[in-house]
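>
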Amino acid sequence: MRGGTFMLRKALFSIAVGVAALVLGASPSKAVEIDLGGITAAAVGCTHSGTDPGSVCGSTLTFTGTAAGTLTATGLQGGNPNTAGTAFLTFKAIDAFNGAPANGLSESGLGQNGTGPGTACTDADCEIAGTTSVAISSSVLLSSTDVRVGSAQIGESFTLWTGSAIGSLVSLGTFTPGTNITCPADICTINFAPATALAIQNATANGDILLTSVSTTVPEPATLVLLGAGLVGLGAMRRRRR
Numbered sequence: 001m002r003g004g005t006f007m008l009r010k011a012l013f014s015i016a017v018g019v020a021a022l023v024l025g026a027s028p029s030k031a032v033e034i035d036l037g038g039i040t041a042a043a044v045g046c047t048h049s050g051t052d053p054g055s056v057c058g059s060t061l062t063f064t065g066t067a068a069g070t071l072t073a074t075g076l077q078g079g080n081p082n083t084a085g086t087a088f089l090t091f092k093a094i095d096a097f098n099g100a101p102a103n104g105l106s107e108s109g110l111g112q113n114g115t116g117p118g119t120a121c122t123d124a125d126c127e128i129a130g131t132t133s134v135a136i137s138s139s140v141l142l143s144s145t146d147v148r149v150g151s152a153q154i155g156e157s158f159t160l161w162t163g164s165a166i167g168s169l170v171s172l173g174t175f176t177p178g179t180n181i182t183c184p185a186d187i188c189t190i191n192f193a194p195a196t197a198l199a200i201q202n203a204t205a206n207g208d209i210l211l212t213s214v215s216t217t218v219p220e221p222a223t224l225v226l227l228g229a230g231l232v233g234l235g236a237m238r239r240r241r242r
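If you read the sequence shown in this note's numbering, its first letter stands for residue 1, the second for the next number, and so on.
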């Protein structure tokens, strides 16, 4: 009986340590950046035309197997992304892909297009132009994370919207590189509260930007081991008592 009590205490202690690690940061979670321009498997159906720097895709692209589960991107027409109609997407890969040239991280990611596959980019840079936007939703919570907006030069503005779903997004404000945000190498990084959907809307008539990456947090392996040890201990205790 005393041995069983000891095992139970040990299991509960392991769980407590694991939970404490999560809460107090003794074994913290880490942010994982998901560079959209590097996931070319999602863009196999996109087409490249002429000398365009990117490819034209359908109205949605699905990125599977990411640290944030399944990501679904959607191209939207001008105006508020909650009420805007569906448009098409462009895809600018980090490395040369499908006939399109390499773009590097700062010029990679997702843009918006007025026409579908088989046509050229309606924006010369294959990016989000006018008042259009690109939205992306996640199958898991993008908690304590950030979004990176690429190809953001001085004077170009964009609005970030976040929320639980497209249709109920809330604007977090308009950002202008060189004015109210610093964007090293033309990449702006903005942190936001837990959300499962976001949209990047261009806000400069003669500018264009990209949805370059999102990030999510995942537990460090040490925390998972501690929690797992506690669960195993409880399982062993239950078997012993039977």
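Where a beta carbon is used, it is the ideal one built from N, C-alpha and C, also for glycine.
By Cβ distance below 6 Å, which residues in the same chain neighbour Asp35 in space, the five residues on each side in sequence not counted?
Once the five neighbours on either side are set aside, the close Cβ partners of Asp35 are Ser213.
> Is the beta carbon of Thr90 sitting closer than 7 Å to the one on Gly118?
Contact: no.
> Here's the rule: buried if 16 or more other CB atoms are within 10 angstroms of the residue's CB, otherwise exposed. What is Lys92?
Per the 10 Å Cβ criterion, buried.
> In or out: Ile166 buried (at least 16 other Cβ within 10 Å) or exposed?
Buried, since its Cβ has 16 or more Cβ neighbours within 10 Å.
> Pick from Thr66, Gly58, Thr47: whose alpha carbon is nearest that of Ser215?
Closest by alpha carbon: Thr66.
> To the nearest angstrom, how far is the alpha carbon of Leu22 from that of Ala31?
Here Leu22 scores only 40 on pLDDT, less than 50, and its place in the model should not be relied on; the value that follows carries that caveat. The alpha-carbon atoms of Leu22 and Ala31 are separated by roughly 14 Å.
> Got a sec? Which residues, its chain only, sit under 8 Å from Asn103 by beta carbon, not counting five neighbours each side?
For Asn103, where only same-chain residues beyond five positions count, the Cβ hits under 8 Å are Gly37, Pro53, Gly54, Lys92, Ala93, Ile94.
> Would the beta-carbon of Ser59 fall within 7 Å of that of Phe88?
Cβ atoms of Ser59 and Phe88: closer than 7 Å.
> Look at Leu71 and Ala84 and say whether their C-beta atoms are less than 7 Å apart.
Result no, Cβ atoms of Leu71 and Ala84 do not sit closer than 7 Å.
> Can the beta-carbon of Asn202 be found less than 7 Å from the beta-carbon of Ala129?
Their beta carbons are under 7 Å apart, which means Asn202 touches Ala129 by this criterion.
> Going by other Cβ atoms of all chains shown within 10 Å of its Cβ, with 16 needed for buried, is Val170 buried or exposed?
Classification for Val170: exposed.
> On the CB-based measure, 16 or more other CB atoms within 10 Å of its CB, does Ile187 come out buried or exposed?
Counting Cβ neighbours within 10 Å, Ile187 comes out buried, since at least 16 surround it.
> Nearest to Glu127 by alpha carbon, out of Cys46, Leu142, Ser151?
Ranking the options by Cα distance to Glu127, first place goes to Ser151.
> Out of Leu142, Cys183, Thr174, Ser157, point me to the one whose CA is closest to Gly163's CA.
Ranking the options by Cα distance to Gly163, first place goes to Leu142.
> In or out: Ser168 buried (at least 16 other Cβ within 10 Å) or exposed?
With fewer than 16 Cβ atoms within 10 Å of its Cβ, Ser168 is classed as exposed.
> Quick check on DSSP: helix, strand or coil for Ala41?
DSSP places Ala41 in helix when its eight states are reduced to three.
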